[in-house]
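The structure appears below as structure tokens.
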Amino acid sequence: MDAAGNRSCKLLLFFFAAIIPALQGHIGEYDEYWKQRELEAKENTEQAYNPNPEEVTQHVNHLVSRSLMRLNSTRRHLRARKKGGPCDPTSPIDQCWRCDRNWEKNRQRLADCAIGFARGTIGGKYGRIYVVTDPSDDDLLNPKPGTLRHAVIQKEPLWIIFARAMIITLKEELIMSGDKTIDARGANVHVAYGAGITIQYVRNVIIHGLHIHHIVPGNGGMIRD
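In structure tokens, the structure reads:
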């Protein structure tokens, strides 16, 4: 290896060495609480481990192939029609729920639609429905009831939906707790122009139909989780 290659290799090793402590550095104080959550997350990961990844891949491929065959068949049947016709979802997950005309009355069915390594994730399926009515994010320590931040920090399982279309601009990162579903179906909901969502050391989280874009770094500070 030439000198330039050696320098590149050393630089790469230094880069990775710098990243390792930084993995904990984004937490202001990596205290006992976070260490405990890390241990719990490790245990949950080991419990969810599938020793047969090939079976998971084959199952996903089967579902996707079946979806494509169904879609192609439907398109041939409707080639001369511009409107109407049967329900025509384009993915295995959408095919699982979208053609149910009463899906809004049975939102939790979405939890049965996960595929791949996410299969078995139930989110807040067995919890109550929490309706977000307020797009504001003004209090990070004592979030206002009805806001998305207030919903995601609750300890109980929740199925979170939205009362109407809204744009939520987060002042700081939104730290998810486990056993939650954020279900934006039926409303045009955007998390945009502010901080993002942190999913760390938790299990059973489903986010569906939520538009997340134009995320910018926050300033840090005290955030309730």
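For the sequence shown, the residue numbers in mature numbering (1 follows the signal peptide of the UniProt record, and there is no 0) are -25 to -1, 1 to 200. Beta carbons: idealized from backbone N, C-alpha and C, even for Gly. If you're wondering where the values come from, they're calculated on a predicted model, not measured in any experiment.
- Per DSSP, Tyr105 lies in no alpha helix (DSSP H); the unbroken beta strand (DSSP E) holding it starts and ends at Arg103 to Val107.
- Beta-bridge partners of Asp75 (DSSP): none assigned.
- For the stretch 109 to 149, the full-length alpha helix (DSSP H) segments reaching 4 residues or more read 123 to 127 along the chain.
- A distance below 6 Å between beta-carbons, with the five flanking residues on each side excluded, links Cys74 to the following residues of its chain, in chain order: Cys62.
- Under the 10 Å beta carbon count, Pro192 is surrounded by fewer than 16 other beta carbons and is classified as exposed.
- For Thr65, no alpha helix (DSSP H) run applies, since DSSP gives it neither H nor E.
- Taking Arg76 as reference, the option from Gly161, Asp112, Ala170 and Gly169 with the minimal CA-CA separation is Gly161.
- Residue range Glu7 to Ala23 is occupied by the alpha helix (DSSP H) that includes Lys10, with no beta strand (DSSP E) assigned at that position.
- DSSP, reduced to helix, strand and coil, places Ala159 outside both helices and strands of the structure shown, so it counts as coil.
- DSSP places Ile181 inside the beta strand (DSSP E), whose first and last residues are Val180 to His183.
- CA-to-CA, the gap between Gly153 and Arg12 works out to about 11 Å.
- Per DSSP, Val164 is one residue of the beta strand (DSSP E) stretching across Val164 to Ala167.
- C-alpha of Arg84 to C-alpha of Ala126: approximately 20 Å in a straight line.
- The secondary-structure analysis by DSSP pairs His186 across a beta bridge with His165.
- A distance below 6 Å between beta-carbons, with the five flanking residues on each side excluded, links His188 to the following residues of its chain, in chain order: Ala167.
- According to DSSP, residue pairing for Thr173 in a beta bridge involves Ile150.
- Between Leu149 and Arg124, the C-beta spacing is below 7 Å.
- DSSP places Thr96 outside both helix and strand once states are collapsed to three, so it counts as coil.
- Val35 and Ile90 have their C-alpha atoms spaced approximately 7 Å apart.
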